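J.: Under our numbering, residues 114 to 439 are what the sequence shown spells out, in order.
Virtual Cβ for every residue (Gly too), placed ideally from N, Cα, C.
None of the values given here were measured: they were computed from a predicted structure.
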Amino acid sequence: MQKLATQFTLIFASVIVSTILVVSQAQLRLGFYSETCPNAETIIREVVQKAVANDPRNAAILLRLQFHDCFVQGCDGSILIREDEDGELKAPGNLGVGGLDIIESAKARLEQVCPGIVSCADVVALAARDAVSLVNGPFYHVPTGRRDGRLSKMSLAQKLPDVDDSIDVIKFKFRVKGLSDQDLVLLSAGAHTIGVTACFFMQKRLYNFSGGGGSDPGINPGFLQKLKAKCPVNGDVNVRIPLDWSTQNVFDVEIMRNIRDGTAVIASDARLYDDPETRQIVDSYAASQEATSFHQDFADAMVKMGNIGVKTGSRGEIRRVCSAVN
Ligand code: HEM
Ligand SMILES: *[C@@H]1O[C@H](CO)[C@@H](O)[C@H](O)[C@H]1NC(C)=O
114 MQKLATQFTL IFASVIVSTI LVVSQAQLRL GFYSETCPNA ETIIREVVQK
164 AVANDPRNAA ILLRLQFHDC FVQGCDGSIL IREDEDGELK APGNLGVGGL
214 DIIESAKARL EQVCPGIVSC ADVVALAARD AVSLVNGPFY HVPTGRRDGR
264 LSKMSLAQKL PDVDDSIDVI KFKFRVKGLS DQDLVLLSAG AHTIGVTACF
314 FMQKRLYNFS GGGGSDPGIN PGFLQKLKAK CPVNGDVNVR IPLDWSTQNV
364 FDVEIMRNIR DGTAVIASDA RLYDDPETRQ IVDSYAASQE ATSFHQDFAD
414 AMVKMGNIGV KTGSRGEIRR VCSAVN
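#1: Using the Cβ count rule (16 or more neighbours within 10 Å means buried), how would you classify L247?
#2: Near V276, what residues of its chain come up, given a Cβ to Cβ distance below 6 Å and the 5 sequence neighbours on each side ignored?
#3: Please list the terminal residues of the continuous alpha helix (DSSP H) segment that includes P389.
#4: Let me make sure I understand the geometry here. Which of P330, Q402 and A164 has the alpha-carbon closest to that of D243?
#5: Using a Cβ-Cβ cut-off of 6 Å (strictly less than) and excluding sequence neighbours within five positions of A234, which residues of its own chain qualify?
#6: To the nearest angstrom, how far is it from the Cα of S268 to the Cα of V210?
#7: Is it the case that the Cβ atoms of N362 and I307 are separated by a distance below 8 Å?
#8: Can you have a look at S427 and say buried or exposed, based on whether 16 or more other CB atoms are within 10 angstroms of its CB?
#9: Taking Cβ positions, are G206 and A311 nearer each other than 8 Å?
#10: Is Q138 helix, strand or coil by DSSP?
#11: By a C-beta neighbour count over all protein chains shown, 10 Å radius and 16 as the cutoff for buried, is R142 buried or exposed?
#12: For the beta strand (DSSP E) holding R353, just list the boundary residues, first then last.
#13: Take the Cβ of T257 as the centre, count every other Cβ of all protein chains shown within 10 Å, and call the residue buried at 16 or more, exposed below.
#14: Go ahead and pull the three-state DSSP assignment for V434.
#15: With DSSP as the reference, identify every bridge partner of T310, one or two as the case may be.
#16: Using a strict less-than 5 Å threshold between each residue's beta carbon and the heavy atoms of ligand 2, what residues do you get?
#17: Just to confirm, are A219 and V289 a CB contact at a threshold of 8 Å?
#18: Counting only C-beta atoms, is S279 closer than 8 Å to chain B at any point?
#19: Look at the alpha carbon of P169 and the alpha carbon of I215, and state the distance between them as a whole number of angstroms.
#20: Just the C-alpha distance for V438 and R432, rounded to the nearest angstrom, thanks.
#21: Can you tell me the Cα-Cα spacing of T155 and I283, whole angstroms?
#22: Taking 6 Å as the limit between beta carbons, can you name the residues of its chain near I421, skipping five residues before and five after?
#23: Identify the continuous alpha helix (DSSP H) that holds I368 and give its terminal residues.
#24: Please go through the same chain and pick out, in chain order, the residues whose beta-carbon is closer than 6 Å to the beta-carbon of M114, but skip the five residues on each side of it.
#25: Would you call the CB atoms of D294 and I157 closer than 8 Å?
#26: Between A241 and L176, which are expected to be in contact by the criterion C-beta below 8 Å, what is the C-beta distance as a whole number of angstroms?
#27: In terms of DSSP beta bridges, what is K424 paired with?
#28: With a cut-off of 8 Å on the beta carbons, I'd call L297 and K417 a contact; round off their distance for me.
#29: Are there 16 or more other CB atoms within 10 angstroms of the CB of H181, so buried, or fewer, so exposed?
#30: Looking only at its own chain, which residues have a Cβ that is under 7 Å from the Cβ of Y253, when we skip the five neighbours before and after it?
#31: Along the chain, where does the alpha helix (DSSP H) that runs through N171 open and close?
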């Protein structure tokens, strides 16, 4: 009964959230800056290209940044504000988030050409798109017209998905943002086809799974030895290991096979195989021969994530610099 009631609340909550999304979504559109700042997307792309050429890791960093922006108060660039000691970026869930300097330098160039026009929130969304396409991921069109939020608080970032959350909690955290199980699989497993994790996030999974002192039984035994060798007990938790063990620098569908085969690196990716619905989605991508549908579906899910709680019209502002409100 309790469970039913909870489920009902969950469904009800997601209906409300999706309704709100549809309303605000209507106002983002492709080419929002085509008249007011026609070179905006080109300028952002150049900055991202240079950043990724300097350090290929920046692609993953920029992709992650959009997720962490959108999941707290919507895609409004709030994570970029660095004025207060208790700003969003300081939240435990945002540990290791970076790329803010790249966004800031793109914004500085935009301000020279068309001051006060392009929002930091849009720069984040466009930079993530460019980053994905630079590592052999899909290129997709990003509806724009987001405006920037004025609030950045550590306390507001408490509900970010945690690496050690159960699959039910993870599903719930996506559903309240209007994202389906399919979006969850595509976005979290999909994005983790590139980038790295600190051993810090591996501690529970390797050495104290569900508080019992052991490791996650879902890890393939041979792979467990490799993970333990890279992240030894009492070792340096700042050491970084690839999230996609087989192909860490390429955006591809291998990550789905890793999850299926017990060779996912972080716990939250492995959890996608704990649940019948998400498992079926992982299996279907893992079995696909070519990457086309994975790439296209990932792109669609990114556009959907980019619509979360956006501020449009007269809400929010266009920040002059991304690190501070006007
Ligand atoms: C259940 C949801 C998710 C959880 C629990 C999660 C957790 C994590 C963790 C623990 C890391 C390692 C961070 C570090 O050591 O610095 C990471 C990295 C990353 N995440 Fe996620 N993530 C989730 C969903 C997503 C989504 C939806 C995206 C983007 C669409 C994303 C993109 C990335 C990327 C690209 C990296 C690599 C960053 C780098 O190389 O610096 N993640 N994630
Ligand atoms: C393992 O987890 C349990 C329960 O969360 C906790 O009480 C215990 O202190 C942890 N052990 C270590 C070594 O961290």
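T.: Checking against the coordinates, here is how it stands:
#1: Here residue 247 corresponds to residue number 134 of the sequence shown, with the count starting at 1. By the neighbour-count rule (16 or more Cβ atoms within 10 Å), L247 is buried.
#2: Here residue 276 refers to the residue found at position 163 when the sequence shown is read from its first residue. Contacts found: F314, I379, A380 and S381.
#3: Counted from its first residue, the sequence shown places residue 389 at position 276. Its alpha helix (DSSP H) spans residues P389 to A399.
#4: Position 130 of the sequence shown, counted from the start, is the residue given in the question as residue 243. When each option's Cα is compared against that of D243, the closest is A164.
#5: Within the sequence shown, residue 234 is the residue found at index 121, counting from 1. The answer, listed in chain order, is C188, D189, G190, R259 and D261.
#6: Position 155 of the sequence shown, counting from 1, holds the residue named residue 268. Position 97 of the sequence shown, counting from 1, holds the residue named residue 210. The alpha-carbon atoms of S268 and V210 are separated by roughly 16 Å.
#7: As a working mapping, residue 362 is identified with position 249 in the sequence shown. As a working mapping, residue 307 is identified with position 194 in the sequence shown. Closer than 8 Å, so yes.
#8: Within the sequence shown, numbered from 1, the residue matching residue 427 stands at position 314. The residue in question, S427, is exposed, as its Cβ has fewer than 16 Cβ neighbours within 10 Å.
#9: Taking the sequence shown and counting its residues from 1, the one referred to as residue 206 is at position 93. Taking the sequence shown and counting its residues from 1, the one referred to as residue 311 is at position 198. Their beta carbons are not under 8 Å apart, which means G206 does not touch A311 by this criterion.
#10: Start at 1 with the first residue of the sequence shown, and residue 138 comes out as number 25. Bear in mind that the predicted position of Q138 carries a pLDDT of just 44, short of 50, making it unreliable; the figure below should be weighed with that in mind. In this structure, Q138 counts as helix in the three-state DSSP scheme.
#11: One-based indexing of the sequence shown puts residue 142 at position 29. R142 should be labelled exposed.
#12: Position 240 of the sequence shown, counting from 1, holds the residue named residue 353. Taken as a continuous stretch (DSSP letters only), the beta strand (DSSP E) holding R353 covers R353 to P355.
#13: Within the sequence shown, residue 257 is the residue found at index 144, counting from 1. Its Cβ being crowded by 16 or more others within 10 Å, T257 is buried.
#14: Looking up residue 434 in the sequence shown gives position 321. Reduced to three states, the DSSP call for V434 is strand.
#15: Your numbering for residue 310 matches position 197 in the sequence shown. Paired residue(s): I354.
#16: N321 and G324
#17: For the purposes of this step, residue 219 is identified with residue 106 of the sequence shown, where counting begins at 1. For the purposes of this step, residue 289 is identified with residue 176 of the sequence shown, where counting begins at 1. Against a cut-off of 8 Å, the Cβ pair of V289 and A219 comes out as no contact.
#18: Chain labels in this structure do not include chain B; a single protein chain is all it has.
#19: Taking the first residue of the sequence shown as 1, we reach residue 169 at position 56. Taking the first residue of the sequence shown as 1, we reach residue 215 at position 102. Cα to Cα, P169 sits roughly 13 Å from I215.
#20: For the purposes of this step, residue 438 is identified with residue 325 of the sequence shown, where counting begins at 1. For the purposes of this step, residue 432 is identified with residue 319 of the sequence shown, where counting begins at 1. Approximately 6 Å, taken between the alpha carbons.
#21: Indexing the sequence shown from 1 puts residue 155 at position 42. Indexing the sequence shown from 1 puts residue 283 at position 170. If I take the Cα positions, the gap works out to 36 Å.
#22: Residue 421 sits at position 308 when you count from the first residue of the sequence shown. Around I421: C183, G187, C188 and K290.
#23: On the sequence shown, residue 368 is found 255 positions in, with the first residue counted as 1. Unbroken alpha helix (DSSP H) run through I368: E367 to R373.
#24: As a first step, residue 114 must be located in the sequence shown, where it is residue number 1. Here M114 scores only 40 on pLDDT, less than 50, and its place in the model is too uncertain to base an answer on.
#25: Residue numbering aside, residue 294 sits at position 181 when the sequence shown is read from its first letter. Residue numbering aside, residue 157 sits at position 44 when the sequence shown is read from its first letter. Going by C-beta atoms, D294 is not nearer than 8 Å to I157.
#26: Taking the sequence shown and counting its residues from 1, one reaches residue 241 at position 128. Taking the sequence shown and counting its residues from 1, one reaches residue 176 at position 63. That pair is a contact at about 5 Å.
#27: The residue you call residue 424 lines up with position 311 of the sequence shown. K424 is bridged to R260.
#28: Along the sequence shown, read from residue 1 onward, the residue named residue 297 stands at position 184. Along the sequence shown, read from residue 1 onward, the residue named residue 417 stands at position 304. That belief does not hold up - the Cβ atoms of L297 and K417 are roughly 11 Å apart, past 8 Å.
#29: Locating residue 181 in the sequence shown gives position 68, counting from the first residue. Flag for H181 reads buried.
#30: Within the sequence shown, numbered from 1, the residue matching residue 253 stands at position 140. So the list reads R242, A412, M415 and V416, once near-sequence residues are dropped.
#31: Along the sequence shown, one-based indexing puts residue 171 at 58. It spans R170 to C183 - the alpha helix (DSSP H) in which N171 sits, taken as one unbroken run.
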